[in-house]
Structure formats: structure tokens, C-alpha cells
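This report concerns only the one structure given below.
Protein chains: 2
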Amino acid sequence: MTGLALDETHAASLASWVESANDPATDFPIQNLPFGRFRTAADEPWRIGVAIGDQVLDLESVGLIDSQDMNRLMAAGAASRRALRLALSRGLRRGSEAHSPFAAGLRAQSDIEMGLPCRIGDYTDFYTGIHHATTVGKLFRPDNPLMPNYKWVPIGYHGRASSVGVSGHSFHRPLGQTKHADEAAPALGACRRLDYELELGAFVAVPNALGEAVSIGDAEEHLFGLALFNDWSARDIQAWEYQPLGPFLSKNFASTLSPWIVTLEALQPFRAAFTRPEGDPQPLPYLDSPANRAHGAFDIELEVWLQTPAMRAAGNSGVRLSRSNFRDAYWTLAQLVAHHTVNGCNLQSGDLFGSGTLSGPLADQGGSLLELSQGGKRPLQLSNGEVRSFLEDGDRVILRGHCERPGFRRIGFGECAGTVLPAPRGD
Amino acid sequence: MTGLALDETHAASLASWVESANDPATDFPIQNLPFGRFRTAADEPWRIGVAIGDQVLDLESVGLIDSQDMNRLMAAGAASRRALRLALSRGLRRGSEAHSPFAAGLRAQSDIEMGLPCRIGDYTDFYTGIHHATTVGKLFRPDNPLMPNYKWVPIGYHGRASSVGVSGHSFHRPLGQTKHADEAAPALGACRRLDYELELGAFVAVPNALGEAVSIGDAEEHLFGLALFNDWSARDIQAWEYQPLGPFLSKNFASTLSPWIVTLEALQPFRAAFTRPEGDPQPLPYLDSPANRAHGAFDIELEVWLQTPAMRAAGNSGVRLSRSNFRDAYWTLAQLVAHHTVNGCNLQSGDLFGSGTLSGPLADQGGSLLELSQGGKRPLQLSNGEVRSFLEDGDRVILRGHCERPGFRRIGFGECAGTVLPAPRGD
Numbered sequence: 023m024t025g026l027a028l029d030e031t032h033a034a035s036l037a038s039w040v041e042s043a044n045d046p047a048t049d050f051p052i053q054n055l056p057f058g059r060f061r062t063a064a065d066e067p068w069r070i071g072v073a074i075g076d077q078v079l080d081l082e083s084v085g086l087i088d089s090q091d092m093n094r095l096m097a098a099g100a101a102s103r104r105a106l107r108l109a110l111s112r113g114l115r116r117g118s119e120a121h122s123p124f125a126a127g128l129r130a131q132s133d134i135e136m137g138l139p140c141r142i143g144d145y146t147d148f149y150t151g152i153h154h155a156t157t158v159g160k161l162f163r164p165d166n167p168l169m170p171n172y173k174w175v176p177i178g179y180h181g182r183a184s185s186v187g188v189s190g191h192s193f194h195r196p197l198g199q200t201k202h203a204d205e206a207a208p209a210l211g212a213c214r215r216l217d218y219e220l221e222l223g224a225f226v227a228v229p230n231a232l233g234e235a236v237s238i239g240d241a242e243e244h245l246f247g248l249a250l251f252n253d254w255s256a257r258d259i260q261a262w263e264y265q266p267l268g269p270f271l272s273k274n275f276a277s278t279l280s281p282w283i284v285t286l287e288a289l290q291p292f293r294a295a296f297t298r299p300e301g302d303p304q305p306l307p308y309l310d311s312p313a314n315r316a317h318g319a320f321d322i323e324l325e326v327w328l329q330t331p332a333m334r335a336a337g338n339s340g341v342r343l344s345r346s347n348f349r350d351a352y353w354t355l356a357q358l359v360a361h362h363t364v365n366g367c368n369l370q371s372g373d374l375f376g377s378g379t380l381s382g383p384l385a386d387q388g389g390s391l392l393e394l395s396q397g398g399k400r401p402l403q404l405s406n407g408e409v410r411s412f413l414e415d416g417d418r419v420i421l422r423g424h425c426e427r428p429g430f431r432r433i434g435f436g437e438c439a440g441t442v443l444p445a446p447r448g449d
Numbered sequence: 023m024t025g026l027a028l029d030e031t032h033a034a035s036l037a038s039w040v041e042s043a044n045d046p047a048t049d050f051p052i053q054n055l056p057f058g059r060f061r062t063a064a065d066e067p068w069r070i071g072v073a074i075g076d077q078v079l080d081l082e083s084v085g086l087i088d089s090q091d092m093n094r095l096m097a098a099g100a101a102s103r104r105a106l107r108l109a110l111s112r113g114l115r116r117g118s119e120a121h122s123p124f125a126a127g128l129r130a131q132s133d134i135e136m137g138l139p140c141r142i143g144d145y146t147d148f149y150t151g152i153h154h155a156t157t158v159g160k161l162f163r164p165d166n167p168l169m170p171n172y173k174w175v176p177i178g179y180h181g182r183a184s185s186v187g188v189s190g191h192s193f194h195r196p197l198g199q200t201k202h203a204d205e206a207a208p209a210l211g212a213c214r215r216l217d218y219e220l221e222l223g224a225f226v227a228v229p230n231a232l233g234e235a236v237s238i239g240d241a242e243e244h245l246f247g248l249a250l251f252n253d254w255s256a257r258d259i260q261a262w263e264y265q266p267l268g269p270f271l272s273k274n275f276a277s278t279l280s281p282w283i284v285t286l287e288a289l290q291p292f293r294a295a296f297t298r299p300e301g302d303p304q305p306l307p308y309l310d311s312p313a314n315r316a317h318g319a320f321d322i323e324l325e326v327w328l329q330t331p332a333m334r335a336a337g338n339s340g341v342r343l344s345r346s347n348f349r350d351a352y353w354t355l356a357q358l359v360a361h362h363t364v365n366g367c368n369l370q371s372g373d374l375f376g377s378g379t380l381s382g383p384l385a386d387q388g389g390s391l392l393e394l395s396q397g398g399k400r401p402l403q404l405s406n407g408e409v410r411s412f413l414e415d416g417d418r419v420i421l422r423g424h425c426e427r428p429g430f431r432r433i434g435f436g437e438c439a440g441t442v443l444p445a446p447r448g449d
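Protein chains in written order, with this note's numbering: chain E, 23 to 449; chain D, 23 to 449.
Here you go:
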């Protein structure tokens, strides 16, 4: 990290000849330019595109890439990505000489299907949300909510890459073993405590070789950008299975990513200081740097919305369940990269990091129903009269995120939506 | 599982015109025919081969495959694999009419380099060694060594695929955070309790779609075969990091696979009954079937050997540290597939399952140094006068495995060897 590195692509005064990108409410102004993969028919290969207003620009059609391999584009690194961003910004801004070829490369977002943004090799889920860790810890260990390692180790574990899907998908409520305290034996049945987790996903750009740690100073050069991420969780399955090796079937039935990766470059104006509460230990030297302290964090506003089947039937787009901010995470992205590789573990282009559930410090800022309903003990009253302790069949959860700062254009993440289908059998 | 399904390829009377395959000591008689990937120069792509005695048969050169994609061969399923096995057996046996073209497709194993047998998408490590779980559990929880879920849930967790390497490699002793009980804060340093874990790895053949569970009756159709697997572990890093989400950096710095996958077909004569000790709960219905009880287990003898630098200097090929048998695992491979998919999780061709550490019931049958040295309290006396509590720099660990049964040819797994290099910095 070498300063905020703002350049002409961040200027709030920039407007695009794609008029929908100038709408103050759009997630995708010309200052954003997030990357994704799209196709116009189910039998076509995925193509790399960049979102601009309500359109997507096909990068190959304007000669800016020579391969549709997003992982390869990620591996090319930050300098090449910045050059691409500058070319896109110049081509899409008002008065551009490239207006005509770029206009020919546009497709309406309403006419395309979005896929996963890349091939995910390994997926690691972290646990950087200290308010989540504390609230959930209290449910299991009232006297000792945070483990002694929490403020020293950026806790993480490996997740399942094969079952990560893209926004808009549906998945079946999982079956699994659960055991109630008053029963002698567990039983197989449909999950009764299905939950979402509000997370951000970070994608690895440049790989590191096995055995070669990435220093915190170099860490962000190994990242591409961020998307919204929902780490769906079966709380009853998790409670019975997770000792001693961690969550497994309670998590790997489905996860959901938003389709657009907002690059670190687009997020530069929204960097924030990384600070520790008074009295907390300072990070060990391999997790500490002046730049990380000065602007290692990101000011990203996050929201969770729920649309129940009854709301859908009534034409109601849903209710907001909570808000939080990525700034409240206990560890920065640079710290996650430095920690993940300190033992020599090799990261590969396209690998996914989950941030862990991003809850705010207040009780109504929980990033999961487990927190908002206090483990199911205090069901949420929804504004249409319904109640929820955990998710019901047909529920759709939508994550949203955006960045705002005076003097800069608002940029957004689009949405990350998934819908719960009934369990596959009559259990 | 539909019976032992023995056929002409299993007959002990079969001999090969590849004379080294008829040596009673070879791991690779004509009854084995394990699959791997090899190349003859570092700049060549990997080619699929089958081991026969001290040779490897290039499958494409004899027209038996039309692609060098092992994952695709895996996805083709059991019927196609059985037909391929039959063609190989007939071509390699004495008196074969295909002697001449097959002989032209042979390479000496001493002249080739072996790679990972396939692209590993997701890697899941299970915990089926109940003797390991009990012994290790006692070190952490003397009064309560086995968790209440152990005899109900085939415990597993996701591991790191990117750092799985192939036999013959070396890796650096990892750095990581550790904290001693008498210290106020953790510190970063080189692992001081580096260990191996004796495991078998199972490879997924036919995939299942997300949301579609695989029944225990169909489970083995989704598996390809087995290899030896060493899940290197940094015990001091693990002790500090693993709560509450499981092992992470203590495992993902390196794992080692043997290069040859012994197919389920080759292992058919060595099937064994799956039984539970008197008084243990019977598996839930989704983990139970008559076939699984009759022959769900595999009788595979396993060994761990250690070659220290002093032994290497003295021309000593190493000492055997322990022996155990896969038959003692608490869960069968079919149960692992049924459990992994019961929530709808999708397995993909080439995915790897680790068995967990396979220790025997006796104290000298531990599949790790943690067990054999009782957590480091009773160092092992090696026959050359050296002692070991945990691994030292330069130590090479070699796993071996084979199957024997009266009336059948012995088949083996080759070896799975890895060498510990010093930590990368002066910590």
C-alpha cells in the first residue's frame, strides 16, 4: 500500500456518454467499472465485461483483452489492471473519441446472464467481524465469548469452492444431522435454523509460490477486488457437527456471490484508518505496517434485505433487516493475505476470501438472523406483520453494499440475492 | 456396492510379459494397474499412464484414451474404467496379441517424473481414525477424549487443495503464531512441533449435481480409487489457532500424495466387513446398508518410515515408525460420500478426500508422532541411536501401503515421500 493513489479515474466531475451511468442512484458510475462475466445465451461461453450504468461493456469487442479468461486477467496484476481501468474510463467518458466502437460493445444488463466472475480454486472464510464473533460466542459460551486467540490471529478456515453460486440462484434447504439436548440420539432431517451471513468476498489477483510468504506491504498487490458474499449457514447442523474441526456440511451446501467485482482501484477513495480499541493488543509485526494503520480498512456500507413469499406476492420488494460497515472488521484485507501466506501457503489467481460475517457494534446491526433473533429466542417482527427467527422456504435474501464520501461519486456493488427452496425430501 | 465383483483381472495365476511385474515383491503386478500422470521432460505436458512392474504404460500411445485429461477419465465412471482395466490386463498378460504395440508404449519408471494424478478441485479431510481421535483427544481433554458427535457424524472439514504436492517433494518448515501457556502473548516463529499424518486419499470419479445427495448404495460409483496421503501438521500452530473454526495454517503449508491411484477395482479382493464395537451406536439409515456392513471396509496395511539426515548419510534407507490398517477406520468410504452429499453438496471429478490419520488400536500403531511420542513427552528411540519427539530439518517421511490375502497377488501403493527443509527465515 503506497498512499491512496487517486488519479483522474476517481474525479467526481467525470460523466459518461452512457447516460444511465450518470444517474446519482446507479451502483455503476464511470468511477466504478467493476468486472464480471456474462453471456447472452445459455450455450455461449462466458465473456468478460465491465458494468457501466445499466449496460455492460464487452471488453474483447473493444480490443481491451485478448482472452476471456478472468483468472488470467487477475494474474496480470495491479499495474496492468490500472492501465485497463484508465483506458475504460477514457473510452466511456463524455467526449471520448472511442465513443463509437465502445457503443458497439455495449449490451443492456437486462439482456444478459451473469456467471461467477472467475474460476475459484480455493475458498477461505475468515472471521474478521468481531461483533459477530462476540455475539455468537455469547450464545455458546456466555462467560467467554471471544476465544483467547481472536485478537492475535486472523481466524480463518477453508470452505467449499464447488458450491459457490452467483446472485439470482436458488438452493434447497439442506438435510443434515441434528441433535437436540433432550434427545439421546441425533436424527437426519431438514435444517430448522437456516441463516444467511453478510460478508464481503475478496479475490486473489497475483499468485505467490508455495513456501514464499507475502509481506503486509506487498499484500494488496495480490488482491483484485471485492464482491458481496452470503455464507448461508445451517445453525442446527453446525452446532452438532463443528467440534473439533470446524463447520462442514452446515456451510458447504451453498454460498452466493454478487457477479461484479469492484476493484481495489475503484475503492481507493473509500479507504479508512485501521485502529484498535484502547487496551487491545497491537498486531504482531508481520500483521502491522504504517500504511495498514493509515488506510488499511475500507468504508463500505452494507445492507441485508429480506423478501418473503408473501411480500413477493404483494409486490413488495422486501424489508431491510440490518446495516453494517466493513470498517468495523477487526482485521484488514492486507492482514488476511499476510497471515494466510506466512506459513508459505500458496494463493492462486481467482481464490476467494470471505470476510466473515460483518456485524456492526449495535444489537440491530447483526449480519445474521442468529444474532438479530438472539439465537431464535426473540423473533424479528417484519413490517408486514410476519415474523422470522430463521429463514423459511421461499425467502429471498438480498445483500447490498455501497461507498459514499463527500467529494466523490457513490459507487455500489449491485446485489447478491439467493432464494431458499424447500428441502428435497419430505423430512 | 453390489458384491465383490471379482473377474478375470484379479486371478492370481495371471502373469505379465513385463517380467518385473511378476516379481512377488513388486507393488505393481498385472492385478493392480494403478493410474497416474507422468512426463519425460519438465517442459512436456502430463500424460496418463498405468504402472506395471518397474515400467509405466503410456495409455494414449496404445490407443486406450483420446485425452490426457485425468479428470475426464475419472468422470467417465466405473463401467468405462472397468472396460479400460480389462483391456489393459489382456494387453499386458503373457501371450497377449497386443504385446508389440504395448511394449512400444512402455517407459521405465526410473526415466520419468510423476505429477499429481489429477487436478484437485476441493479437498476434504475426514477424521475416520477413531484410535487417532481418541489418543489425540486425551492429550487435549483427558476426561472426554471423543466428542459426543464422533460415533454419529463422519467428522470432516475442508482442506487446502493448492498446496497438495506429489511424492518426492520437499517443503519448508512453516512459520506461524504460537503461544506457550506461560507467555502472555503469542509470537511468530518456526514450527517446533512438526508432524506427519498417515492417511489414505480417495478421489472422486463421477460428479453429483448441487442439491442431489448420493445414497450409500450408489456412493462407490462416485469414487475412482485410493492413494497414500500425508497431511503434514504443525501441532504448536494448530493448538493456538484451531478454536473455534478448525485447523488452518497448521495444515495448509503442504500435503503429500503418492503418484499412483489404485482403483477400487484393483482393491476388490481386499474388501472387509464393516463392524462396530459392541455397544456403539449403529449408523443412521443414510449411512447404513447391508452391502456396507458386508464389505464396506478395505484391508490395507499401512506403514510409516522415517529417514533422518544421519541415516541418509550412512546409506540407511530408514526405520519403520509404525504400522496400521485402513480396516480400523470408524467410517467407510461409502459412508463418507453419502455424508458429504446428504446436504446437497456437489462433488466434482478429481476432488480429494483424506481419510484422517489411520492409527491402530495399540500404542505403537499411532499414525503421527504426536501419538507415538505422547505429545512430545516420551521421545522415540530410533534404532540408530537418534531420538525424535517431532520432525527435524532434513527428515524424510515415507508412507507405504499394500494389500495381501491368500489366493490373490499382493498389490501395493508405491510410496509417498516428503522431506522437511529448514524454515525460510532465521526465526
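Here a beta-carbon is modelled for each residue, glycine too, at the ideal position from N, C-alpha and C. Given the structure is predicted, the values throughout are model-derived calculations rather than measurements.
From the DSSP output, in three-state form, read off H424(D) for me. strand
Between which two residues does the beta strand (DSSP E) carrying L391(E) extend? Element bounds for L391(E): not the beta strand (DSSP E) but the alpha helix (DSSP H), L391 to L394.
Bridge partners - Y145(E), DSSP secondary structure assignment: G181(E) and L374(E)
Write down the C-beta distance between A224(E) and L355(E) rounded to the nearest angstrom, noting that I regard them as a contact closer than 8 Å. 6 Å
For V84(D), three-class secondary structure by DSSP: coil
In this structure, what does DSSP give as the bridge partners for N10(D)? This structure cannot settle anything about residue 10(D), because the visible part of chain D is limited to 23 through 449.
Using a Cβ-Cβ cut-off of less than 8 Å, list which residues of the segment 187–201 of chain E approach chain D; keep chain order. G187, F193, H194, P196, L197, G198, Q199 and K201
N-terminal and C-terminal residue of the beta strand (DSSP E) that V236(E) is part of: Per DSSP, V236(E) belongs to no beta strand (DSSP E) and is neither H nor E.
Please classify S255(D): does DSSP put it in a helix, a strand, or coil? strand
Contacting residues, own chain, Cβ-Cβ under 6 Å from R422(D) (five flanking each side not counted): E325 and E437
On a CA-only basis, which of G159(D), A294(D), S42(D) and L36(D) is nearest L392(D)? Give me that one, please. G159(D)
Which residue's Cα is closest to the Cα of Q357(D): I322(D), E242(D), T441(D) and V341(D)? E242(D)
Best match in A351(D), S42(D) and G397(D) for proximity to R114(D) [C-alpha to C-alpha]: Residue identity differs from the one stated: residue 114(D) is Leu in this sequence, not Arg. If we check each option's Cα against that of L114(D), S42(D) comes out closest.
Within chain D, the residues that E119(E) reaches when beta carbons sit closer than 8 Å: Those within 8 Å of E119(E) in chain D number zero; the least Cβ separation is about 44 Å.
Suppose only complete runs of 3+ residues qualify. What are the beta strand (DSSP E) ranges in the segment 38–126 of chain E, listed by chain order? 57–61, 69–74 and 77–80
Spell out whether any CB of chain D is found under 9 Å from the CB atom of C425(E). no
Tell me the start and end of each unbroken beta strand (DSSP E) in the segment 276–362 of chain D that is at least 3 residues and wholly inside, in chain order. 277–279, 323–329 and 341–347
Between C425(E) and V284(E), what straight-line distance do the alpha-carbon atoms span, to the nearest angstrom? 11 Å
Compute the distance between the beta-carbons of R431(D) and P51(D), then report whether it is under 9 Å. yes
Cα-Cα separation, S35(E) to R349(E): 26 Å
In chain E, which residues lie with their C-beta within 7 Å of the C-beta of P444(D)? Simply none; closest approach about 11 Å.
Taking 9 Å as the cut-off, decide whether the C-beta atoms of H194(E) and A445(E) are in contact. yes
Over the uninterrupted alpha helix (DSSP H) stretch that includes I152(D), give me the two end residues. I152 to F162
Just confirm the distance between the C-beta atoms of G151(E) and G378(E), as a whole number of angstroms; I'd bet it's less than 8 Å. 5 Å
Chain E contact residues for M169(D), given Cβ-Cβ distances below 7 Å: Q265 and P266
Can you name, in chain order, every residue of its own chain whose Cβ lies under 7 Å from the Cβ of A332(E), other than the five neighbours on each side? N406 and E408
For D302(E), which residues in the same chain have their Cβ closer than 6 Å to its Cβ, ignoring the five residues on either side in sequence? K173
Tell me the DSSP secondary structure of F435(D) in three-state form. strand
C-alpha distance - S280(E) paired with G58(E), whole-angstrom precision: 9 Å
Taking only beta-carbon atoms, is Y308(E) less than 9 Å away from chain D? yes
Nearest-angstrom Cα distance between Y218(E) and R418(D)? 45 Å
For H361(D), would you say it is in contact with chain E, using Cβ-to-Cβ distances shorter than 9 Å as the test? yes
List the endpoints of the continuous beta strand (DSSP E) containing V186(D). V186 to V188
Just mark Q403(E) as buried or exposed, buried being the case when its beta carbon has 16 or more other beta carbons within 10 Å. exposed
If distances are taken between C-alpha atoms only, which option among L248(E), M92(E), A155(E) and Q199(E) comes closest to I433(E)? L248(E)
A73(E) versus L128(E), G233(E) and E30(E), residue with shortest Cα-Cα distance: L128(E)
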